[in-house]
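*Asks:*
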Amino acid sequence: MDDKEMKNLERSLDGVGKYLGRIEKLFGLHVSVHTPNVYLVTYLESFYKYNCHLLPYCMLIKSDRKRWKRCMACQRMVTAKFCGLGDKGRDGFFGRCFFGVEEFVLPVLSDGKAVGFVSVTGYSTDREKTRKTAGRLIESFPDGYDEALAGLSDRLPDPELLRDLLTPAADLIGSFHFIPELRGSGNYTYRLMVAEIEACYNERLSVARIAKSVSCSESYINHIFKKKSGMSVSAYINSVRVRHAKELLTSADEPVSAVAFAVGYSDANYFSDVFRKIVGMTPTAYRNMYRRRKHDD
Numbered sequence: 002m003d004d005k006e007m008k009n010l011e012r013s014l015d016g017v018g019k020y021l022g023r024i025e026k027l028f029g030l031h032v033s034v035h036t037p038n039v040y041l042v043t044y045l046e047s048f049y050k051y052n053c054h055l056l057p058y059c060m061l062i063k064s065d066r067k068r069w070k071r072c073m074a075c076q077r078m079v080t081a082k083f084c085g086l087g088d089k090g091r092d093g094f095f096g097r098c099f100f101g102v103e104e105f106v107l108p109v110l111s112d113g114k115a116v117g118f119v120s121v122t123g124y125s126t127d128r129e130k131t132r133k134t135a136g137r138l139i140e141s142f143p144d145g146y147d148e149a150l151a152g153l154s155d156r157l158p159d160p161e162l163l164r165d166l167l168t169p170a171a172d173l174i175g176s177f178h179f180i181p182e183l184r185g186s187g188n189y190t191y192r193l194m195v196a197e198i199e200a201c202y203n204e205r206l207s208v209a210r211i212a213k214s215v216s217c218s219e220s221y222i223n224h225i226f227k228k229k230s231g232m233s234v235s236a237y238i239n240s241v242r243v244r245h246a247k248e249l250l251t252s253a254d255e256p257v258s259a260v261a262f263a264v265g266y267s268d269a270n271y272f273s274d275v276f277r278k279i280v281g282m283t284p285t286a287y288r289n290m291y292r293r294r295k296h297d298d
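Using our numbering, you'd call the opening residue of the sequence shown number 2 and step up by one each time.
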């Protein structure tokens, strides 16, 4: 894929991201995109905010790492279910996740096979059923659970409307599932590393783990990363985590400690130091600045 083709690809994907943003705003939806494609992830600048559910309920549930992993397992099961359904699953359906939230899911297809899905979430038509479903996996409900549960909508949107809105985006994402790359080149290795970081930024990442994932030495990946991005692997990991943290700080009211944990830091103080060095202010100051600007607008 030459530079011109790459720019066209990025422009198309950027358009999909902006489209999802518009339908979220116009119809009051919470949309997320789930695809395991390690190549596609590196081009999804407009999709970063759609990589996970940012609802207060979901963020509260995933403030625990074990529950977060359970959520990731649920996403893989949804894709597997679409693969099993074949043509019967093409139109999508409403379902309930492990933690009781109802959502509409539509498959992302490539060559007729499900490779991911688009989700519209944030619903609970039966609060007690949601609580019981979550209770099977939660030893004790975290503080703020009832408030987060009350924030879920009790009215499901029209599935036909959702299907019409999401199908164009799902089709385009599916058409780019397989992106040709120059295997064996430094560019290929770099994109694999970026994809690994983008997909696993909230886990315990290390240079050793990333080197192993691309079957290269630590010194080689550091050399390639510095050459391509101008920063070290560790610095890039921090930049990705801070980018996601900024999204969470401006879209949810979770405490800074919960945001730190959600983006991969076990120490909130260390997270605040990293955030301040990159952004120029503390996470709390950044959130307050965003709220003031939003209020002024």
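By construction, the Cβ of each residue, glycine as well, lies at the ideal position given by its N, Cα and C atoms.
Because the structure is a prediction, the values reported are computed rather than measured.
Would you call the segment 87-102 in contact with the segment 130-138, where contact means no fewer than 3 C-beta pairs closer than 8 angstroms?
*Replies:* yes
*Asks:* Thinking just about the alpha-carbon of each residue, which of 247, 259, 263 is nearest to the one in residue 286?
*Replies:* 247
*Asks:* Along the beta strand (DSSP E) that carries residue 120, what are the first and last residues, could you check?
*Replies:* 114-124
*Asks:* Residue 276: which of 297, 236, 293 sits nearest, CA to CA?
*Replies:* 236
*Asks:* Evaluate residue 239 with the Cβ neighbour count: other Cβ atoms within 10 Å of its Cβ, from every protein chain shown; 16 or more gives buried, anything less gives exposed.
*Replies:* Burial call: buried.
*Asks:* Tell me which same chain residues have a C-beta within less than 7 angstroms of the C-beta of residue 21, skipping the five on either side of it?
*Replies:* 32, 51, 170
*Asks:* Do you know how far the Cα of residue 271 is from the Cα of residue 94?
*Replies:* 42 angstroms
*Asks:* As an exercise, report each continuous beta strand (DSSP E) stretch of at least 3 residues that is fully enclosed by the segment 211-276, in chain order.
*Replies:* If you keep only unbroken beta strand (DSSP E) runs of at least 3 residues inside the segment 211-276, you get nothing at all.
*Asks:* Distance, Cα to Cα, residue 78 vs residue 72?
*Replies:* 10 angstroms
*Asks:* So, helix, strand or coil for residue 176, using DSSP?
*Replies:* If DSSP states are grouped into helix, strand and coil, residue 176 belongs with the helices.
*Asks:* Excluding the 5 residues preceding and the 5 following residue 149 in the sequence, name in chain order all residues of the same chain whose CB lies nearer than 7 angstroms to its CB.
*Replies:* 57, 58, 61
*Asks:* Just tell me which of 282, 114, 232, 96 has its CA closest to the CA of residue 86.
*Replies:* Considering only alpha carbons, the answer is 114.
*Asks:* CA-CA distance, residue 16 and residue 141?
*Replies:* About 42 angstroms.
*Asks:* Quick check on the burial criterion: 16 or more other C-beta atoms within 10 angstroms. Buried or exposed for residue 29?
*Replies:* exposed
*Asks:* From the DSSP output, in three-state form, read off residue 182 for me.
*Replies:* Legend: pLDDT at residue 182 = 48, less than 50; position of this residue unreliable, value from coordinates given subsequently. Here residue 182 sits in coil by DSSP.
*Asks:* In terms of residue numbering, what span does the alpha helix (DSSP H) encompassing residue 94 cover?
*Replies:* For residue 94, no alpha helix (DSSP H) run applies; the uninterrupted beta strand (DSSP E) run containing it begins and ends at 94-97, by DSSP.
*Asks:* In three-state DSSP terms, what is residue 158?
*Replies:* coil
*Asks:* Which whole-angstrom value is the C-beta distance of residue 174 and residue 80, which I expect to be below 8 angstroms?
*Replies:* Contact doesn't hold; Cβ gap of about 13 angstroms is too wide.
*Asks:* Got a sec, what are the start and stop residues for the alpha helix (DSSP H) residue 57 sits in?
*Replies:* Membership of residue 57 in the alpha helix (DSSP H) is indicated by the continuous run 57-62.
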